[in-house]
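In order, the protein sequences belong to chains A and B.
The first sequence maps to residues 1 to 320 in the numbering used here.
The second sequence maps to residues 321 to 881 in the numbering used here.
Just so it is clear, CB atoms sit at the ideal spot from N, CA and C, and this is done for glycine as well.
As structure tokens, the structure follows; a few thoughts come after it.
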Amino acid sequence: MRGADYIIKRTAFAIATVFVALTLNFLLFRALPGSAITSLARVPHSSPALKKALTHEFGLDKSKWEQYIIYFRELFHGNMGISFADQQPVATNLRQDLFNTIPMVAVGTLFAIIFGVITGVISAARRGTLTDHTSTMSALAFYSVPTQWLGLMLIIGFAGVLPAGGMIDNFLFHPTFAQHMEDIAKHMVLPAATLGLTFYGEYTLIVRSTMLETLGEDYILTARAKGLSRWAIVRKYALRNALLPTATLVALSLGYVVAGAILVETVFSWPGVGRAVYEAVTQRDYPMLQGAFLVLTLSVVFFNFLADLLYFKLDPRITE
Amino acid sequence: MKAQLKLCGILIALVLIAASCSSSPSSGGSGGPKQGGELRFGSSSQIDSLNPFVAFQQDAYTIFGYEYPFLMQYDTTTLQFKPYFATSWSHSSDGLTWTFHTRPGAKWSDGQPLTAKDAAFSINMVVKYQKTATSCCAGYVANVKNAKATDDNTLVVNYSKPSGEVLPNLQQMPIVPQHVWGKLATGNGSQIKKFANAPTGNKPVVSGGPFMLVSYKKKDVALFQRNPNFWGTKPHIDGWGLQYYSNDDAMISALKNGEIDAAESVPPTALNTLKSSGITVSSVPGLELRDFIINSNPKKPNNRELLNPLVKQAFDYAIDRKKIASTAWLGTAQPGSSIIPPTTGDAPGTSIPWSDPKIQPPPFSLSKANQLLDQAGYKKGPDGIRVANGHKMQYTVIFAHDEAGAGDRSFSIIQSDFQQIGVKLIQRSLDDTTAYDQILAPNGKYLNFDLAMWDWVPLIDPDFMLYILTCNSWGIWNDSGYCNKKYDRLYKKQGQTVDPAKRAKIVYQMEQMIAKDKPYLIYAYNQSIDAYTKNWTGFVKSPQGILNPLSTQTLVQVHRV
Numbered sequence: 001m002r003g004a005d006y007i008i009k010r011t012a013f014a015i016a017t018v019f020v021a022l023t024l025n026f027l028l029f030r031a032l033p034g035s036a037i038t039s040l041a042r043v044p045h046s047s048p049a050l051k052k053a054l055t056h057e058f059g060l061d062k063s064k065w066e067q068y069i070i071y072f073r074e075l076f077h078g079n080m081g082i083s084f085a086d087q088q089p090v091a092t093n094l095r096q097d098l099f100n101t102i103p104m105v106a107v108g109t110l111f112a113i114i115f116g117v118i119t120g121v122i123s124a125a126r127r128g129t130l131t132d133h134t135s136t137m138s139a140l141a142f143y144s145v146p147t148q149w150l151g152l153m154l155i156i157g158f159a160g161v162l163p164a165g166g167m168i169d170n171f172l173f174h175p176t177f178a179q180h181m182e183d184i185a186k187h188m189v190l191p192a193a194t195l196g197l198t199f200y201g202e203y204t205l206i207v208r209s210t211m212l213e214t215l216g217e218d219y220i221l222t223a224r225a226k227g228l229s230r231w232a233i234v235r236k237y238a239l240r241n242a243l244l245p246t247a248t249l250v251a252l253s254l255g256y257v258v259a260g261a262i263l264v265e266t267v268f269s270w271p272g273v274g275r276a277v278y279e280a281v282t283q284r285d286y287p288m289l290q291g292a293f294l295v296l297t298l299s300v301v302f303f304n305f306l307a308d309l310l311y312f313k314l315d316p317r318i319t320e
Numbered sequence: 321m322k323a324q325l326k327l328c329g330i331l332i333a334l335v336l337i338a339a340s341c342s343s344s345p346s347s348g349g350s351g352g353p354k355q356g357g358e359l360r361f362g363s364s365s366q367i368d369s370l371n372p373f374v375a376f377q378q379d380a381y382t383i384f385g386y387e388y389p390f391l392m393q394y395d396t397t398t399l400q401f402k403p404y405f406a407t408s409w410s411h412s413s414d415g416l417t418w419t420f421h422t423r424p425g426a427k428w429s430d431g432q433p434l435t436a437k438d439a440a441f442s443i444n445m446v447v448k449y450q451k452t453a454t455s456c457c458a459g460y461v462a463n464v465k466n467a468k469a470t471d472d473n474t475l476v477v478n479y480s481k482p483s484g485e486v487l488p489n490l491q492q493m494p495i496v497p498q499h500v501w502g503k504l505a506t507g508n509g510s511q512i513k514k515f516a517n518a519p520t521g522n523k524p525v526v527s528g529g530p531f532m533l534v535s536y537k538k539k540d541v542a543l544f545q546r547n548p549n550f551w552g553t554k555p556h557i558d559g560w561g562l563q564y565y566s567n568d569d570a571m572i573s574a575l576k577n578g579e580i581d582a583a584e585s586v587p588p589t590a591l592n593t594l595k596s597s598g599i600t601v602s603s604v605p606g607l608e609l610r611d612f613i614i615n616s617n618p619k620k621p622n623n624r625e626l627l628n629p630l631v632k633q634a635f636d637y638a639i640d641r642k643k644i645a646s647t648a649w650l651g652t653a654q655p656g657s658s659i660i661p662p663t664t665g666d667a668p669g670t671s672i673p674w675s676d677p678k679i680q681p682p683p684f685s686l687s688k689a690n691q692l693l694d695q696a697g698y699k700k701g702p703d704g705i706r707v708a709n710g711h712k713m714q715y716t717v718i719f720a721h722d723e724a725g726a727g728d729r730s731f732s733i734i735q736s737d738f739q740q741i742g743v744k745l746i747q748r749s750l751d752d753t754t755a756y757d758q759i760l761a762p763n764g765k766y767l768n769f770d771l772a773m774w775d776w777v778p779l780i781d782p783d784f785m786l787y788i789l790t791c792n793s794w795g796i797w798n799d800s801g802y803c804n805k806k807y808d809r810l811y812k813k814q815g816q817t818v819d820p821a822k823r824a825k826i827v828y829q830m831e832q833m834i835a836k837d838k839p840y841l842i843y844a845y846n847q848s849i850d851a852y853t854k855n856w857t858g859f860v861k862s863p864q865g866i867l868n869p870l871s872t873q874t875l876v877q878v879h880r881v
């Protein structure tokens, strides 16, 4: 019964969060100085008539309240609007951006999660050894390196071996399926590695510290006294108990996959969501921003909700 | 699933281009330029839209230049107009009726006839919707009453007022196919802007230029194939692509590693690396200029000493233009002076340059600057900063994001020199939209800001640069708060003067007014820098780079070595 209560509460909370975020998405960008018209009407021979025409076309001559109501009404009809910048439906633009972003960011994030958890567990299990020191130091180093710097260093380091940018070689004219796959993989290695390397350190450090905490518990001592091997203790007792904060971190990371990675996408000319959002901010393209942040909000809330449910499964005490 | 289909579509398009292109370039007849091959261009600015009535970025205009016919082009070398789709033109003695004779027997890429009717349709469409859907392009048809095709090869454009800008305006006006756009130009015209104008499946965009767009991926690449029905000089290459890089370093690295063949707008910092890697670098004086802006709105309430001509003159003397050109721009700029750069060439059919040669940069002299400020009565305080009207001469300089990099270095040079004349400058970096908003504040009245740094990319015709300083341009382009009724009258007059030589004289008067009133201190004219590998030749240099909206010369002439 308590479990049902918990799920209902979390669901209600998730829905409320989405609504608050939708309103904030509307307000946030309109609070920025300047408007879409400022940047769009700057063409040779621009005139007050052009400004007026664009303001009317984008509905910016209506009061904020009217704009807010229209925004919600359209959203409930599943319409995210038309991008100010290229006059194409936001949904079409976003779909393409997401399709570009998700594979690269997902590969990078998964690499970070898997590699980070493994190195974190090994570091904790071999605390104080050379392995631990090497792993912790490199995790710290990668964690503190600026993403764009690492990206540029990789471009320079792999110059001539791996492509410097883009998603595929657009000038590869007769690709067989295998060549095409190889091309995609080649282009994805550097951006995904940049993302993965800068993220993995965080996982290593968090998993290591939660594991150390768990390894200090009495029941671990008991298990040891029972004569269980070190790896059996780590696997069966310590890791499961240390999973809670890691699950939160994983859920958050996965939620942010749809946000893309502005720096990595910029360095590697990857036409994804991160760059689309950055460009939309500079152009004050409200519909595009609202659309991108709606997708991000839903994704983060969804994965957090999943984490909440997972907690429930991982740790029955939560419902008490 | 849909996304996968889309990817498949792109792949099919690529395969088709490749299939239609000869795989190995062949020599064109008796020792002529090699034929065939695809040129891979890298660019750090992107195509924002494929629709000529939506796009704003230069690369978009460049590709329209290769996709659509235009009545005339510039000769990239002399910057004079030369026939293109129109073979000749003339105007009535009152300047109100212009007649263009167009190419007979021309066809669109889909085989439909391309005639003067398409030109008349395009002009009339822009005129009809100039307050709504085609408002972007209203300037191309300024004062046009209507256009008529009296037969398939004759276009007559009627103006309500005589205009000195008919040719520069129509040079920018793409002729779009009536059989495609006619369906969109109905009702309130809202379909005109919604039209993506992208290739669908394996059907290229209908083109009337030397190339047709066969594949496009937003923020990534645009691929072109030679238009088999092109009516003009045939290009040597089979096709070309414009690959977008959001990071200059990656673009340079791609060029060095042979991932692309040429790159446009190369940063000055990459020149040495490229040269040492055996890449050809083309660096020619460009159109772009850098300006130090002084708020010239006489109603500004604070720091009114900045309106004092002595202060403006002192600032002009205190800018070390040579050092900025050699240090900040690493030698890829020249000291600037007039708002019309010398690279705009001569007025059509004359040998009179648009840029007034009498306007020269003032010599760098801190002692002269100090003397002028002393003369104005602004004495130095104990900290070395002058005091004007009871407050320190300390000002915030709005610094647009566009200027980052070499602009930051220029600011440092100006800042340290100004310190020596007792003026303290504080840099305030802002994104472009915010910067312009702060300059206009409050509500387009130009009351708050003092100084700013930005740049302009003039067109060949001087009209645009002259317009930005008019009162009418407040809230649109004007970023100096300058408004002078006499200047505005001259602006109107030059626009209606059909004789280029007479028009140039009025333009000189306006340039001199700006040089005297100093809303801008033009401190640098930039070079236009492009780079390409040794495997290609035939690129035509221009002040707007080798790939430009001035003409189709570069990609028609370029070929493999």
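Check, Outcome
"Tyr-845(B) vs Ile-644(B) beta-carbon contact at 9 Å", "no"
"Cutoff 9 Å: Ile-796(B) Cβ touching any chain A Cβ", "yes"
"Pro-524(B) versus Val-534(B): straight-line alpha-carbon distance, rounded", "4 Å"
"Cβ shell of Ile-70(A) (< 8 Å), same chain only, five flanking positions each side left out", "Gly-59 and Lys-62"
"Contact set for Gly-795(B): own chain, Cβ-Cβ below 8 Å, skip 5 residues either direction", "Leu-760 and Gly-764"
"Beta strand (DSSP E) segment containing Phe-173(A), residue limits", "Taken as a continuous stretch (DSSP letters only), Phe-173(A) belongs to no beta strand (DSSP E), as it is neither H nor E."
"Nearest-angstrom Cβ-Cβ length linking Tyr-840(B) and Asp-770(B), presumed shorter than 8 Å", "Their Cβ separation, rounded to whole angstroms, is 14 Å, which puts Tyr-840(B) and Asp-770(B) out of contact at 8 Å."
"Contacts that Leu-543(B) makes with chain A (C-beta to C-beta distance below 9 Å)", "Asn-170 and Phe-171"
"Range of the contiguous alpha helix (DSSP H) that encloses Pro-48(A)", "48 to 57"
"Any C-beta of chain A under 9 Å from that of Lys-537(B)", "yes"
"Inter-residue CB distance, Gly-116(A) and Glu-213(A) (contact presumed, cutoff 8 Å)", "Going by Cβ atoms, the distance from Gly-116(A) to Glu-213(A) rounds to 17 Å, so no, they are not a contact pair."
"Whole-angstrom C-beta distance between Asn-473(B) and Ala-440(B), which should lie under 8 Å", "With 8 Å as the limit, Ala-440(B) and Asn-473(B) do not qualify as a contact, their Cβ atoms being about 12 Å apart."
"C-beta neighbour in chain B for Met-137(A), strict 9 Å", "no"
"Coarse secondary structure for Ala-851(B), derived from DSSP in three states", "strand"
"Residues bridged to Thr-600(B) (per DSSP)", "Tyr-852(B)"
"Within-9 Å CB hit, Arg-10(A) to chain B", "no"
"CB contact below 9 Å: Val-707(B) versus chain A", "no"
"Secondary structure of Ser-442(B), DSSP reduced to three states", "helix"
"Three-state secondary structure (DSSP) of Arg-546(B)", "strand"
"Glu-579(B) in three-state terms, based on DSSP", "coil"
"Other residues of its chain near Ser-871(B): CB distance less than 6 Å, five sequence neighbours each side excluded", "Gln-393, Tyr-394 and Thr-396"
"Element boundaries [beta strand (DSSP E), containing Asn-466(B)]", "464 to 471"
"Beta-bridge pairing of Lys-757(B) - partner residues as DSSP gives them", "Position check: residue 757(B) holds Asp in this sequence, whereas Lys was assumed. Answer is none; Asp-757(B) lacks a bridge partner."
"Per DSSP, cross-strand counterpart(s) of Phe-515(B)", "Answer is none; Phe-515(B) lacks a bridge partner."
"Short Cβ contact (9 Å threshold) for Val-477(B) with Val-486(B)", "yes"
"Limits of the beta strand (DSSP E) - the one that Pro-403(B) falls within", "401 to 403"
"7 Å Cβ cut-off: residues of chain B touching Ser-269(A)", "Tyr-564, Tyr-565, Ser-566, Asn-567 and Ala-570"
"Nearest residue (CA-CA) to Pro-482(B), options Gly-502(B), Ala-505(B), Ser-413(B) and Thr-520(B)", "Ser-413(B)"
"The beta strand (DSSP E) enclosing Asn-478(B), as first and last residue numbers", "474 to 479"
"Cβ-Cβ distance between Phe-531(B) and Ala-772(B) below 9 Å", "no"
"Close-in-space but distant-in-sequence residues of the same chain around Ser-344(B) (CB under 6 Å, 5 per side omitted)", "Only weak support is given to the placement of Ser-344(B): the predicted model assigns it a pLDDT of 43, under 50, and the value that follows is read from those uncertain coordinates. Here the set comprises nothing."
"Residue interval of the beta strand (DSSP E) (run including Lys-523(B))", "That residue, Lys-523(B), is in no beta strand (DSSP E); it is neither H nor E in DSSP."
"Coarse secondary structure for Lys-537(B), derived from DSSP in three states", "strand"
"C-alpha gap between Asp-728(B) and Pro-655(B), whole angstroms", "17 Å"
"Beta-carbon spacing of Ile-495(B), Ser-442(B) below 9 Å", "yes"
"Short Cβ contact (9 Å threshold) for Ser-369(B) with Ala-85(A)", "yes"
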